[in-house]
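Peer 1: Chains A and B supply the protein sequences, listed in that same order. Numbering follows our numbering, with no gaps: position 114 of the first sequence is 114. Numbering follows our numbering, with no gaps: position 233 of the second sequence is 233. Provided herewith is a single structure, encoded as structure tokens, for subsequent inquiry.
Number of protein chains: 2
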Amino acid sequence: MIEDKILIVGLGLIGGSYAEALTNAGFQVGAIDVNRELIGYALAKGIIAEGTVQLDKEFISKYRLIVFCLYPNAFVGWIKAHQDLIAPGTLITDVSGVKVPVVYEVQRILRPDLEFISAHPMAGRERSGVANSDSSVFKGANYLVTPTACNTLPAIEKCKELGRRMGFGKISELSPEEHDEMIGFLSQLTHCVAVSLMTCRETSLMAKYSGDSFRDLTRIAAINETMWSELFLLNRDVLIHQIDLFVSSMETLRKAIENGDTETLKSVMRDSSRKREQFDKK
Amino acid sequence: MIEDKILIVGLGLIGGSYAEALTNAGFQVGAIDVNRELIGYALAKGIIAEGTVQLDKEFISKYRLIVFCLYPNAFVGWIKAHQDLIAPGTLITDVSGVKVPVVYEVQRILRPDLEFISAHPMAGRERSGVANSDSSVFKGANYLVTPTACNTLPAIEKCKELGRRMGFGKISELSPEEHDEMIGFLSQLTHCVAVSLMTCRETSLMAKYSGDSFRDLTRIAAINETMWSELFLLNRDVLIHQIDLFVSSMETLRKAIENGDTETLKSVMRDSSRKREQFDKK
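Below is the structure:
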């Protein structure tokens, strides 16, 4: 059984959306954030029942389930500095977009009477902050749980249940390594591509001619530079490999175009159409 | 004043959508296609008033306004082979996605008693054929007219009026060269990027983890290989230049990631976010 009371640490876009989803699901949600205004906003909006800017052991130790909605490095730093505030037996989860450098480090330094099971809600928006939070983005989205040998079966099940209760469509389990390899391609490479498309040339006279293709391919080029530069660097080797694969494909097209090689162009495009079918929303 | 009767040559996705839009706007629309079934379909659907698979001078010369909805090379070929079927004084327009190699060639070979004014409806779908046609894709979309020194003011105005009557949101005028430079970036490069993203690696296990970002960036990776390979090759030099600019931006990101250069990453992302704002739909 999952706890009635859940503590959210960090009221950003995802923290706020978790708070809303969990409050709507009937949980009593508390929150901690360094910014008093965000706590006030979330209280006024009714998406948390209580909140504080203090690192208060009495407050924190009321909760046996804590979700850290911080950037990865801040999360690891919080655990290092403040884990003594957490009650024994508490289950900790997170929302980090990169797993290998986060999961093993937190599990290594965590007190033995606590458990950390990591998760990644694959949903978001091109805006940050609790004021833009919206739990409807979770509806039908993917929720990934990345257990390691350190995790217990009850914790894994509880973490998945959390995803289900927030309305995620598909709950999957994979290793931190599989997660980072997949996310390096599906998410990080796509953000690199969108940013490069948006910045590779002067575009000030182009906006009025734009069709939906360019708009779709650059939607995520409006990007939170603090979070994404951190995520890119935490998954450096995987991402560089994905960039190299992608650039190599671009060079194949370039060469075919230069040589007037219609057959290669058509063959690559047929492959593309065939593979894209698998990604249609079911 | 625009003619009451309009002939569409080629009932593909765009030809069919033009037929529907123009019939809805009150025009009497005729059609020619090599495929009898497509004519039958369009007649049954009520988006054309008459149609034929014959190259019949009597039929064609009833029309003083003809829209060629063929691929670029097929359009130029049709004019070369069959322009004697067209009545003197007829205005011809088209929907070609590339302009420089089409416009000057057609204007060069065209009989002096005909006029060709070229246009590009910037709308479409990831499916082809009249059965997928849908004139609602024009609503709010861009319609580009690319006149040259050969064109008369009345013809340019009539061509623009055609776009307005079909429901396009913005009607713009630019030179064939400006058009191809712009389209090489906004449309052709984006299709190269989507195709490369979709084909650069094995993805069969990835579909179930995909978020909206990857789905959005590869929507156009389901691609009509015959049309797009023709468009790419007709705009070869422009497109190769755009690919080089884009790959160079990818290399800048790659280098910053490899060097752990957070400042460069953030600076590129800030530039990206700022530039992307101009492309938000008004």
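For glycine and all other residues, C-beta sits at the position ideal for the given N, C-alpha and C.
1) What is the DSSP secondary structure of B:Thr146, counted as helix, strand or coil?
2) Note the first and the last residue of the continuous alpha helix (DSSP H) segment covering B:Asn242.
3) With DSSP as the reference, identify every bridge partner of B:Gly51, one or two as the case may be.
4) Measuring from the CB of A:Thr152, is there a heavy atom of the ligand PLP at a distance below 7 Å?
5) Compute the distance between the beta-carbons of A:Cys150 and B:Ser249, then report whether it is under 8 Å.
6) Could you give the residue range of the alpha helix (DSSP H) that holds B:Asp271?
7) Near B:Arg185, what residues of its chain come up, given a Cβ to Cβ distance below 6 Å and the 5 sequence neighbours on each side ignored?
8) Identify, in the order they occur along the chain, each residue of the same chain with its Cβ nearer than 8 Å to the Cβ of B:Gly260, setting aside the five sequence neighbours on each side.
9) Go ahead and label B:Val34 buried or exposed: buried means 16 or more other beta carbons lie within 10 angstroms of its beta carbon, across all protein chains shown.
10) Which full runs of the alpha helix (DSSP H) of 4+ residues lie inside the stretch 59–85 of chain A, going along the chain?
11) Quick check: the Cα distance between A:Ala42 and A:Gln54, rounded to an integer number of angstroms?
12) Applying a beta-carbon distance threshold of less than 9 Å, which residues of chain B neighbour A:Ser18?
13) Fully enclosed by the stretch 137–225 of chain A, which alpha helix (DSSP H) runs are 4 residues long or longer?
14) For a minimum of 4 consecutive residues, which ranges assigned as the alpha helix (DSSP H) are wholly contained in the stretch 93–142 of chain A?
15) Measure the alpha-carbon distance for A:Phe232 versus B:Lys158 and round it to whole angstroms.
16) Give, in chain order, every residue of the stretch 126–149 of chain B whose Cβ lies closer than 8 Å to some Cβ of chain A.
17) I believe B:Ile66 touches B:Ile92 by the beta-carbon criterion, under 8 Å. Please report the beta-carbon distance rounded to the nearest angstrom.
18) How would you list, in chain order, the residues of chain B whose beta-carbon sits under 9 Å from the beta-carbon of A:Ala123?
19) Give me the subset of the stretch 271–282 of chain A whose CB atoms are less than 8 Å from a CB atom of chain B, sorted by chain position.
20) Note down the Cα distance separating B:Ser17 from B:Val145, rounded to an integer number of angstroms.
21) For B:Ile350, return the contacting residues in chain A, with the cut-off set at a CB-CB distance below 9 Å.
22) Between which two residues does the beta strand (DSSP E) holding A:Ile2 run?
23) Rounded C-beta distance between B:Ile117 and B:Ile156? I'm assuming under 8 Å.
24) Along the chain, where does the alpha helix (DSSP H) containing A:Thr23 start, and where does it finish?
25) Going by alpha carbons, who is nearest to B:Lys45 out of B:Phe68, B:Thr52, B:Glu20, B:Glu58?
26) Using 8 Å as the limit for Cβ to Cβ distance, is B:Met250 near chain A?
27) Do B:Leu22 and B:Met166 count as a contact pair if the criterion is CB distance below 8 Å?
28) Leaving out five residues on either side along the sequence, give the residues of the same chain with a beta carbon under 6 Å from the beta carbon of A:Gly163.
29) Is it buried or exposed, A:Thr190, if we count other Cβ atoms within 10 angstroms and call 16 or more buried?
30) Find the residues of chain A that neighbour B:Phe232, judging by a C-beta separation of less than 7 Å, and give them in chain order.
31) How about A:Glu225: is its C-beta nearer than 8 Å to some C-beta of chain B?
32) So with CB distances below 8 Å, who are the chain B contacts of A:Cys69?
33) Any C-beta of chain A within less than 8 Å: which residues of the stretch 21–55 of chain B qualify?
34) Taking only beta-carbon positions, decide if A:Ala300 is within less than 8 Å of chain B.
35) In whole angstroms, what separates the C-alpha of A:Met122 from that of B:Gly211?
36) For A:Leu91, write down the residues that DSSP places opposite it in a beta bridge.
Peer 2: Walking through what the data contain:
1) Counted from its first residue, the second sequence places residue 146 of chain B at position 146. Coil, per DSSP.
2) Mapped onto the second sequence, residue 242 of chain B falls at position 242. Note that residue 242 of chain B is Gln in the sequence shown here, rather than Asn. Element bounds for B:Gln242: 236–258.
3) In the second sequence, counting from the first residue as 1, residue 51 of chain B sits at position 51. B:Gly51 is bridged by DSSP to B:Ala31.
4) In terms of ligand content, the structure shown is empty, and the ligand PLP therefore cannot be addressed.
5) The residue you call residue 150 of chain A lines up with position 150 of the first sequence. The residue you call residue 249 of chain B lines up with position 249 of the second sequence. Cβ distance not < 8 Å, so A:Cys150 and B:Ser249 don't count as in contact.
6) Working through the second sequence from its first residue, we reach residue 271 of chain B at position 271. Looking at the DSSP string, the run of the alpha helix (DSSP H) that includes B:Asp271 is 262–277.
7) Indexing the second sequence from 1 puts residue 185 of chain B at position 185. Note that residue 185 of chain B corresponds to Phe in the displayed sequence, not to Arg. Closer than 6 Å at the Cβ level, and outside the excluded window around B:Phe185, lie Gln242.
8) For the purposes of this step, residue 260 of chain B is taken as the residue at position 260 of the second sequence. Here the set comprises nothing.
9) Here residue 34 of chain B corresponds to residue number 34 of the second sequence, with the count starting at 1. The residue in question, B:Val34, is exposed, as its Cβ has fewer than 16 Cβ neighbours within 10 Å.
10) DSSP runs (the alpha helix (DSSP H)) wholly in the stretch 59–85 of chain A: 72–82.
11) Here residue 42 of chain A is taken as the residue at index 42 of the first sequence, counted from 1. Here residue 54 of chain A is taken as the residue at index 54 of the first sequence, counted from 1. Going from the Cα of A:Ala42 to the Cα of A:Gln54 covers about 16 Å.
12) As a working mapping, residue 18 of chain A is identified with position 18 in the first sequence. Looking at the sequence provided, one finds Tyr at residue 18 of chain A rather than Ser. For A:Tyr18, no chain B residue has a C-beta closer than 9 Å to its own C-beta; the minimum C-beta separation is roughly 17 Å.
13) 153–165, 176–183, 190–199, 212–218, all fully within the stretch 137–225 of chain A.
14) Counting whole runs of 4 or more residues, the stretch 93–142 of chain A contains the alpha helix (DSSP H) stretches 100–109.
15) Residue mapping note: residue 232 of chain A aligns to position 232 of the first sequence, counting from 1. Residue mapping note: residue 158 of chain B aligns to position 158 of the second sequence, counting from 1. Within the model, the alpha-carbon separation for A:Phe232 versus B:Lys158 is close to 52 Å.
16) Shown in chain order are the members of the stretch 126–149 of chain B whose Cβ falls below 8 Å from a Cβ of chain A: Ala141, Asn142, Leu144.
17) Here residue 66 of chain B corresponds to residue number 66 of the second sequence, with the count starting at 1. Here residue 92 of chain B corresponds to residue number 92 of the second sequence, with the count starting at 1. Rounded, the Cβ-Cβ distance is 5 Å, consistent with contact.
18) For the purposes of this step, residue 123 of chain A is taken as residue 123 along the first sequence, with counting starting at 1. Near A:Ala123 (Cβ distances below 9 Å), the residues of chain B are Gly211, Asp212.
19) For the stretch 271–282 of chain A, which is checked against every Cβ of chain B, the residues closer than 8 Å are Asp271, Ser272, Ser273, Lys275, Arg276, Glu277, Gln278, Phe279, Lys281.
20) As a working mapping, residue 17 of chain B is identified with position 17 in the second sequence. As a working mapping, residue 145 of chain B is identified with position 145 in the second sequence. B:Ser17 and B:Val145: Cα-Cα distance of roughly 18 Å.
21) Limits of chain B in this structure are 1 at one end and 282 at the other, which puts residue 350 of chain B out of reach.
22) As a working mapping, residue 2 of chain A is identified with position 2 in the first sequence. Segment: none, A:Ile2 is in no beta strand (DSSP E) and carries neither H nor E.
23) Looking up residue 117 of chain B in the second sequence gives position 117. Looking up residue 156 of chain B in the second sequence gives position 156. 6 Å between Cβ atoms; contact.
24) Residue 23 of chain A sits at position 23 when you count from the first residue of the first sequence. First-last of the alpha helix (DSSP H) with A:Thr23: 13–24.
25) Along the second sequence, one-based indexing puts residue 45 of chain B at 45. B:Lys45 has its Cα closest to that of B:Glu20, out of B:Phe68, B:Thr52, B:Glu20, B:Glu58.
26) Position 250 of the second sequence holds residue 250 of chain B. It does; some Cβ of chain A falls within 8 Å.
27) Along the second sequence, read from residue 1 onward, the residue named residue 166 of chain B stands at position 166. Along the second sequence, read from residue 1 onward, the residue named residue 22 of chain B stands at position 22. Yes, the pair counts as a contact, with Cβ atoms nearer than the cut-off.
28) Locating residue 163 of chain A in the first sequence gives position 163, where the first residue counts as 1. Counting only Cβ-Cβ distances below 6 Å, and skipping sequence neighbours, we find Tyr143, Ile171.
29) If you number the first sequence from 1, residue 190 of chain A lands on position 190. Answer is buried; the Cβ neighbour count reaches 16.
30) Here residue 232 of chain B refers to the residue found at position 232 when the second sequence is read from its first residue. Residues of chain A passing the Cβ test: Ile257, Leu265.
31) Position 225 of the first sequence, counted from the first residue, corresponds to residue 225 of chain A. Taking 8 Å as the CB threshold, A:Glu225 lines the interface with chain B.
32) As a working mapping, residue 69 of chain A is identified with position 69 in the first sequence. In chain order: nothing, as chain B lies at least about 17 Å away.
33) Of all residues in the stretch 21–55 of chain B, none has a C-beta nearer than 8 Å to a C-beta of chain A.
34) Look at the range of chain A in this structure, 1 to 282, and you will see that residue 300 of chain A is not part of it.
35) Locating residue 122 of chain A in the first sequence gives position 122, counting from the first residue. Locating residue 211 of chain B in the second sequence gives position 211, counting from the first residue. Cα to Cα, the separation comes out at about 6 Å.
36) Locating residue 91 of chain A in the first sequence gives position 91, counting from the first residue. Answer by DSSP bridge pairing, in chain order: A:Leu65, A:Glu115.
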